[in-house]
Amino acid sequence: MIRIRGAKEHNLKSVDIDIPRDQLVIITGLSGSGKSSLAFDTIFAEGQRKYMESLSAYARQFLDQLKKPDIEEIEGIPPTIAIEQRSASHNPRSTVATTTEIYDYLRLLFARCGTPRSWAPTKTKKDGTVLARSGRPIESSSATQIVDHITGFGEWTRMMILAPVVSAKKGFHKDTLEDLFKQGWVRARVNGDLIDLRDALKEDNENPLKLHRHKKHSIDAVVDRVVIRVDDESRQRLVESVEAALRIAEGSVVVSVETDGGTQWTDHAFSEHFADPDHPEIALSELSPRLFSFNSPFGACPDCHGLGVILEFDEELVVPDKEVGLLNNAIVPWKKNGPGGMIYPRYLRRFCRAFDITPSTKLSALSEELYTLLMHGNSAPGALKTRKEWDGVMPMLQAWFHKTESSWVKDHLHQFQHEIICPTCCGDRLGISALHVTIESKHRADMDKAGSPTVIGRPRNDGTILNISELSRLNITDAVQYIEGLSLSKEQQVIAEAIVREITNRLRFLESVGLEYLSLDRRTATLSGGEAQRIRLATQVGSGLVGACYVLDEPTIGLHQRDNDRLIRTLRHLTDIGNSVLVVEHDEDTIRAADHIIDIGPGPGVHGGRVVAQGTIDDIINTPGSLTGDYLAGRRTIDVPKERRKLSDKKAMVIKGAAQNNLKSIDVAFPIGGMICVTGVSGSGKSTLVNQILLPAVKREVMGSKTKPGKHTRINGLQHIDRIIEVDQSPIGRTPRSNPATYTGIFDEIRKVFTATKEAKIRGYKPGRFSFNVSSKNGGGRCEACAGQGTKKIEMHFLPDVFVECEVCNGKRYNRETLQVLYRGKNIANVLDMTVEDACGFFENHPKILRFTECLRDVGLDYITLGQPSTTLSGGEAQRVKLATELGKGTRHDGTMSSEHTLYILDEPTTGLHFEDINKLIGVLNRLADAGNTLIVIEHNLDVIKCADWINDLGPEGGDKGGTLLASGTPEDVARVAASYTGQYLKGML
10 MIRIRGAKEH
20 NLKSVDIDIP
30 RDQLVIITGL
40 SGSGKSSLAF
50 DTIFAEGQRK
60 YMESLSAYAR
70 QFLDQLKKPD
80 IEEIEGIPPT
90 IAIEQRSASH
100 NPRSTVATTT
110 EIYDYLRLLF
120 ARCGTPRSWA
130 PTKTKKDGTV
140 LARSGRPIES
150 SSATQIVDHI
160 TGFGEWTRMM
170 ILAPVVSAKK
180 GFHKDTLEDL
190 FKQGWVRARV
200 NGDLIDLRDA
210 LKEDNENPLK
220 LHRHKKHSID
230 AVVDRVVIRV
240 DDESRQRLVE
250 SVEAALRIAE
260 GSVVVSVETD
270 GGTQWTDHAF
280 SEHFADPDHP
290 EIALSELSPR
300 LFSFNSPFGA
310 CPDCHGLGVI
320 LEFDEELVVP
330 DKEVGLLNNA
340 IVPWKKNGPG
350 GMIYPRYLRR
360 FCRAFDITPS
370 TKLSALSEEL
380 YTLLMHGNSA
390 PGALKTRKEW
400 DGVMPMLQAW
410 FHKTESSWVK
420 DHLHQFQHEI
430 ICPTCCGDRL
440 GISALHVTIE
450 SKHRADMDKA
460 GSPTVIGRPR
470 NDGTILNISE
480 LSRLNITDAV
490 QYIEGLSLSK
500 EQQVIAEAIV
510 REITNRLRFL
520 ESVGLEYLSL
530 DRRTATLSGG
540 EAQRIRLATQ
550 VGSGLVGACY
560 VLDEPTIGLH
570 QRDNDRLIRT
580 LRHLTDIGNS
590 VLVVEHDEDT
600 IRAADHIIDI
610 GPGPGVHGGR
620 VVAQGTIDDI
630 INTPGSLTGD
640 YLAGRRTIDV
650 PKERRKLSDK
660 KAMVIKGAAQ
670 NNLKSIDVAF
680 PIGGMICVTG
690 VSGSGKSTLV
700 NQILLPAVKR
710 EVMGSKTKPG
720 KHTRINGLQH
730 IDRIIEVDQS
740 PIGRTPRSNP
750 ATYTGIFDEI
760 RKVFTATKEA
770 KIRGYKPGRF
780 SFNVSSKNGG
790 GRCEACAGQG
800 TKKIEMHFLP
810 DVFVECEVCN
820 GKRYNRETLQ
830 VLYRGKNIAN
840 VLDMTVEDAC
850 GFFENHPKIL
860 RFTECLRDVG
870 LDYITLGQPS
880 TTLSGGEAQR
890 VKLATELGKG
900 TRHDGTMSSE
910 HTLYILDEPT
920 TGLHFEDINK
930 LIGVLNRLAD
940 AGNTLIVIEH
950 NLDVIKCADW
960 INDLGPEGGD
970 KGGTLLASGT
980 PEDVARVAAS
990 YTGQYLKGML
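Encoded structure:
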């Protein structure tokens, strides 16, 4: 048992509870009732803290320390691991494969068992563009072959024979230099510069070359400096020098050849391990895991530096309106009040004079050839042929972007750029040598998924031979089949056995949590919070750790009802091998599958913090006063609407030919004036359709946004929308200074109320006086001792930082004089400490404030305080604060909704919501729809889906097997479609 006594963290009311270990325990209850306070802020924090206390003080100073929770006693707690429902890394280099460490094992597999292939061009265009490459396996080059290639440079060519002993590695490398000197070598090339080792090693210095320890350096021993002669003596010298270099550098040699009359030296790398016999310059210096890392300069594409994309100026953004005069800000980046407004218009005037154009000439009036010349310059295909030199607007913008060092200018220009696939690596992120190392499998991969092999010039094959980038493009299911079917020699099988086992185990665990549709190269920044959490869960399951306590936050988020069983089996696996699993969850299937349930309540905020019921599912159902029990027993229900709004696809926004990501050129209608749910299994294309195509298109039409929508043919019916509101789960503020009062805007009104008091008028206080963000020297009334924070941070080094209450203001955030101003017996600090429920009564005579506090109450946030730091709000709470804010903006003083037609887009608004909270949310959504607004809700929760007026269901599966519109219409219509998983689950609820 985990025995807890006197837990008082946040709103917990001195909770005493015994939690069974090595079981699946669900913690449920209303939003804000104290579930996370018990699970994460108490159990996880104390388990983590106790484990870290066992480490040395030296080790602890490098770790983030958790403060001791407010608790009297806790016993029997194992080391804890939190898997929270938070957004994945936004690093563009982070992918599904790198996050799960699968890519590390793939790099090792290709380094040990891969077949290097030649990338020598076999077919080129006149302009030098490579159309095809050899692709044949390459083998080792002997010293004789290398010398044959060297003599081909021609007689009297000067060159150096170099042994690469250090290649792009950090450190001072003193030992390496001393070893070279002891072997009799007197010269070396360090980072491209020749040095004399005798001079460099004169002083007994740890860093004789004054190298930066944390920068990467390359060191080559100068074995010989020769001039090519066509005679036996010269050839023998070359053979001896090459053999010496190969011996020193363990099989590698670099030949640096003098070019351009001695002003330049060009390096040619050779290896006795892997080289094309007909093209010895096609050689791999080493076949190591770092060759396949796009995060290493050694392996990354030299142009995109491993990102797979580069930034390019978008002509549609640069010239959004061709009906504007050339010098009337037609070229938007060069507009008069911008950073280039003083310089670049001069170039346009020069262009106008050169081609006899008036400055007011519209771009649409230019001939096609002249427009191409203006935008792309003399060298562009289709440009007007002229002897007058003109670089072109687009090349000039590109040159300006690369030349400037001003972050202001770069930020200005960045808004006119978009990402395009890197033309050098074609999005594969790696250098050409890495992309020509392959492995073979008995399983035939779909080359449409893996990527076209003509991208790298390798001959087309049947999908059994892939490079690491093509393999990473496969989804989880296909990748498992490909890896399990590898064609390896007996020696390679011994080498690869452990590697393959690690890869397949991780892939299987990703399948087990319902992520089989993800491709390994999918950027983690594009994953939902639920997908990111399940990836972390799969990683933990794969680790095989025993005796730990896992604390999870709603792992079912983003998961279709169909996939719940697989997730529950994964959680069961963790308990079966000897772990405790605590899950904060609202999903009914998961609650019913639990060994032990803890229901926290009875209400939210100050009304919660108690254990209402605990035990088995039957215990919860039979406990009076448990809202969870009432809903599980059917005593309370979320009712199906008696009558739905009559919607028609004739008055609708219609997306034609949606083909972004996995969408199969589908046509989808979103009727105007009701609540529309977009449903489907995970990865079926819901977010792509709504967030990547519809949302940017509407923003562009209604708000003039520069964001480019995803691939589609056209969208009809956007004229029906006046404005658009996106309500997602991103934080409403990233600092403790942000709170619900500041976000909704009512803090401005509250400060005006205090400014209007008699005492404030006598003292001459302005609204800024009541802001904790304004310093006293600027007329503010905040406490300067804590800068309006209310707390002070004390750094404790190897202990967690301690936040203590400010002794000057006692945590009130304001100075004494400001707190002396009262309104109805309360000062400004008292008001910020009020709950939303209390504020509704306190400000009942202030319609502007009351409108927003009532909306916060209506969305179930009556328990939060007006001044609660935004950083302490959950994702679901933040989303409802946004929804309430928009609801308040659209509400008139008399409580009716404005007639302005608004499109609301909500992405899984039920995250973090109990059955009772969902019931309230549906009421708010219906209120918005009743006013004539259109709501598009991406959702998996069947209670919300059954209350929709219209459903667009995508599928049938995730990833490449999804992207099709399976059903469209009312819930009753969708329930009749046999191919729809959503429809089949809806049947029993209607």
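One gets the numbering used here by counting positions in the sequence shown from 1 and adding 9 to each. Using N, Cα and C, we set each Cβ at its ideal position, and we do this for glycine too. Quick caveat, the model's predicted, so the values are computed rather than measured.
* Indicate whether valine 199 and isoleucine 237 have their beta-carbon atoms separated by less than 8 Å. => The count along the sequence shown starts at 1 and reaches residue 199 at position 190. The count along the sequence shown starts at 1 and reaches residue 237 at position 228. No, the Cβ-Cβ distance between valine 199 and isoleucine 237 is not below 8 Å.
* Can you give the Cα-Cα distance for serine 784 and valine 946, rounded to whole angstroms? -> Start at 1 with the first residue of the sequence shown, and residue 784 comes out as number 775. Start at 1 with the first residue of the sequence shown, and residue 946 comes out as number 937. Roughly 43 Å between the two C-alpha positions.
* Please determine, among Ser739, Pro718, Val677, Ile741, the residue with the shortest C-alpha to C-alpha distance to alanine 976. => Taking the first residue of the sequence shown as 1, we reach residue 976 at position 967. Closest by alpha carbon: Val677.
* **Pick from Asp276, Ile257, Ala258, Thr272 that is closest to serine 265, judged by C-alpha positions** => For the purposes of this step, residue 265 is taken as residue 256 along the sequence shown, with counting starting at 1. Nearest C-alpha to serine 265: Asp276.
* To do: Measuring alpha carbon to alpha carbon, tell me which of Pro745, Leu568, Val590 ends up nearest valine 690.
  => To locate residue 690, count along the sequence shown from 1; it is residue 681. Here the closest residue by C-alpha is Leu568.
* Whole alpha helix (DSSP H) runs in the stretch 493–559 with 4 or more residues, listed along the chain? -> DSSP runs (the alpha helix (DSSP H)) wholly in the stretch 493–559: 499–521, 538–552.
* To do: Taking arginine 244 and valine 156 to be in contact with their CB atoms under 8 Å, please state how far apart those CB atoms are, rounded to whole angstroms.
  => Taking the first residue of the sequence shown as 1, we reach residue 244 at position 235. Taking the first residue of the sequence shown as 1, we reach residue 156 at position 147. Confirmed, Cβ separation roughly 7 Å.
* To do: Please name the residue in Asn725, Gly692, Leu210 whose C-alpha comes closest to that of leucine 218.
  => The residue you call residue 218 lines up with position 209 of the sequence shown. When Asn725, Gly692, Leu210 are compared, the shortest CA-CA separation from leucine 218 is found for Leu210.
* Only counting runs of 3 or more residues, tell me where the beta strand (DSSP E) segments fall wholly within the stretch 198–270, in order along the chain. => If we require 3 residues or more, the beta strand (DSSP E) runs fully inside the stretch 198–270 come out as 202–205, 225–236, 261–268.
* Asked: Going along the chain, which residues of its own chain have a beta-carbon closer than 7 Å to the beta-carbon of aspartate 658, five neighbours each way excluded?
  -> Stepping through the sequence shown from its first residue, residue 658 is reached at position 649. Taking C-beta separations shorter than 7 Å and ignoring five residues to either side along the sequence, the partners of aspartate 658 in its chain run Ala678, Pro680, following chain order.
* What is the DSSP secondary structure of glutamine 623, reduced to helix, strand or coil? -> Residue 623 sits at position 614 when you count from the first residue of the sequence shown. Here glutamine 623 sits in strand by DSSP.
* Asked: Between the C-alpha atoms of isoleucine 738 and aspartate 916, what's the straight-line distance to the nearest angstrom?
  -> Within the sequence shown, numbered from 1, the residue matching residue 738 stands at position 729. Within the sequence shown, numbered from 1, the residue matching residue 916 stands at position 907. As written in the sequence, residue 738 is glutamine, which differs from the isoleucine given in the question. For the pair glutamine 738 and aspartate 916, the Cα-to-Cα distance works out to about 8 Å.
* To do: Assign methionine 169 to one of three DSSP states: helix, strand, or coil.
  => Reading the sequence shown from its first residue, position 160 is the one you call residue 169. When DSSP states are grouped into helix, strand and coil, methionine 169 belongs to the strand group.
* Asked: Going by other Cβ atoms of all chains shown within 10 Å of its Cβ, with 16 needed for buried, is isoleucine 837 buried or exposed?
  -> Mapped onto the sequence shown, residue 837 falls at position 828. Buried, because 16 or more other Cβ atoms sit within 10 Å of the Cβ of isoleucine 837.
* Per DSSP, which one or two residues make a beta bridge with histidine 605? -> Start at 1 with the first residue of the sequence shown, and residue 605 comes out as number 596. Answer by DSSP bridge pairing, in chain order: Val34.
* Given threonine 108 as reference, the closest of Gly713, Ala534, Val983 once Cα atoms are compared -> What you label residue 108 is simply residue 99 of the sequence shown in a count that begins at 1. Comparing Cα-Cα distances from threonine 108 to each of Gly713, Ala534, Val983, the minimum goes to Ala534.
* Pick helix, strand or coil for methionine 662, following the three-state DSSP scheme. => Within the sequence shown, the letter at position 653 stands for residue 662. Here DSSP, grouped into helix, strand and coil, assigns methionine 662 to strand.
* For alanine 106, the first and last residue of its enclosing beta strand (DSSP E) -> In the sequence shown, the residue the question calls residue 106 occupies position 97. Run containing alanine 106: none in the beta strand (DSSP E); it sits in the alpha helix (DSSP H), 105–108.
* **Ordered list of alpha helix (DSSP H) runs contained in the stretch 133–187, each at least 4 residues** => Within the stretch 133–187, the complete alpha helix (DSSP H) runs of at least 4 residues are 152–160.
* Asked: Apart from the five residues just before and just after lysine 179, which ones in its own chain have a Cβ nearer than 8 Å to its Cβ?
  -> Taking the first residue of the sequence shown as 1, we reach residue 179 at position 170. If the five residues before and after lysine 179 are omitted, its C-beta is found closer than 8 Å to the C-beta atoms of Arg222, His223, Lys224, Lys225, His226, all from its own chain and listed in chain order.
* Would you kindly check if the distance between the Cβ of leucine 963 and the Cβ of threonine 979 is under 8 Å? => Along the sequence shown, read from residue 1 onward, the residue named residue 979 stands at position 970. Along the sequence shown, read from residue 1 onward, the residue named residue 963 stands at position 954. No.
* Asked: Given 8 Å as the limit, is there contact between the stretch 575–592 and the stretch 551–563, that is, 3 or more CB pairs closer than that?
  -> They touch, by the three-pair rule.
* **Sequence-distant residues of its chain with Cβ nearer than 7 Å to isoleucine 702 (five each side left out)** => Your numbering for residue 702 matches position 693 in the sequence shown. In the same chain as isoleucine 702, and ignoring 5 residues on each side of it, the C-beta atoms closer than 7 Å to its own belong to Ile664, Ala667, Gln669, Pro718, Gly719, His721, in chain order.
* arginine 543 and valine 522 look like a contact to me (Cβ under 8 Å); what is the Cβ gap, rounded to whole Å? -> Here residue 543 refers to the residue found at position 534 when the sequence shown is read from its first residue. Here residue 522 refers to the residue found at position 513 when the sequence shown is read from its first residue. Yes, arginine 543 and valine 522 are in contact; Cβ-Cβ is about 4 Å, under 8 Å.
* Among Glu398, Glu212, Trp274, Arg438, which residue has its Cα nearest to the Cα of phenylalanine 307? -> Numbered from its first residue, the sequence shown carries residue 307 at position 298. Taking the Cα of phenylalanine 307 as reference, the smallest distance to any Cα among Glu398, Glu212, Trp274, Arg438 is reached at Arg438.
* To do: To the nearest angstrom, report how far apart alanine 848 and leucine 859 are at their CA atoms.
  => Position 839 of the sequence shown holds residue 848. Position 850 of the sequence shown holds residue 859. Straight-line Cα distance between these residues: approximately 8 Å.
* Contact check, leucine 336 vs proline 348, beta carbons under 8 Å -> Locating residue 336 in the sequence shown gives position 327, counting from the first residue. Locating residue 348 in the sequence shown gives position 339, counting from the first residue. Result no, Cβ atoms of leucine 336 and proline 348 do not sit closer than 8 Å.
* **Straight-line Cα distance separating leucine 896 from aspartate 731** => Counted from its first residue, the sequence shown places residue 731 at position 722. Counted from its first residue, the sequence shown places residue 896 at position 887. Approximately 16 Å between the Cα atoms of the pair.
* Go to tryptophan 409, then tell me how far its alpha helix (DSSP H) extends in each direction, as first and last residue. => Taking the sequence shown and counting its residues from 1, the one referred to as residue 409 is at position 400. Counting along the chain, the alpha helix (DSSP H) containing tryptophan 409 begins and ends at 402–412.
* State the beta-bridge partners of proline 130 as determined by DSSP. => Position 121 of the sequence shown, counting from 1, holds the residue named residue 130. Bridge partners of proline 130: Arg142.
* Residue-chain proximity (valine 105, chain C), Cβ-Cβ < 8 Å -> In the structure shown, chain C cannot be found, because there is only a single protein chain.
* To do: Label aspartate 455 either buried or exposed according to how many other C-beta atoms from any shown protein chain fall within 10 Å of its C-beta, with 16 as the threshold for buried.
  => Reading the sequence shown from its first residue, position 446 is the one you call residue 455. With a 10 Å radius around the Cβ and a threshold of 16 neighbouring Cβ atoms, aspartate 455 comes out exposed.
* Burial state of alanine 254, where buried means 16 or more other Cβ atoms lie within 10 Å -> Indexing the sequence shown from 1 puts residue 254 at position 245. A buried status is given to alanine 254, since no fewer than 16 other beta-carbon atoms sit within 10 Å of its beta-carbon.
* Are at least three pairs of beta-carbons, each pair with one atom in the stretch 309–316 and one in the stretch 289–299, less than 8 Å apart? -> No contact exists between the stretch 309–316 and the stretch 289–299.
* Give every residue of the same chain whose Cβ lies closer than 6 Å to the Cβ of histidine 729, excluding the five residues on either side of it in the sequence, and list them in chain order. => For the purposes of this step, residue 729 is taken as the residue at position 720 of the sequence shown. Within the same chain, Ile681 come within 6 Å of histidine 729 by CB-CB distance, once the 5 residues on both sides are set aside.
* Asked: At a cut of 8 Å, does the stretch 61–73 reach the stretch 526–533 through at least three beta carbon pairs?
  -> In short, these stretches do not touch, since the Cβ pair count stays below three.
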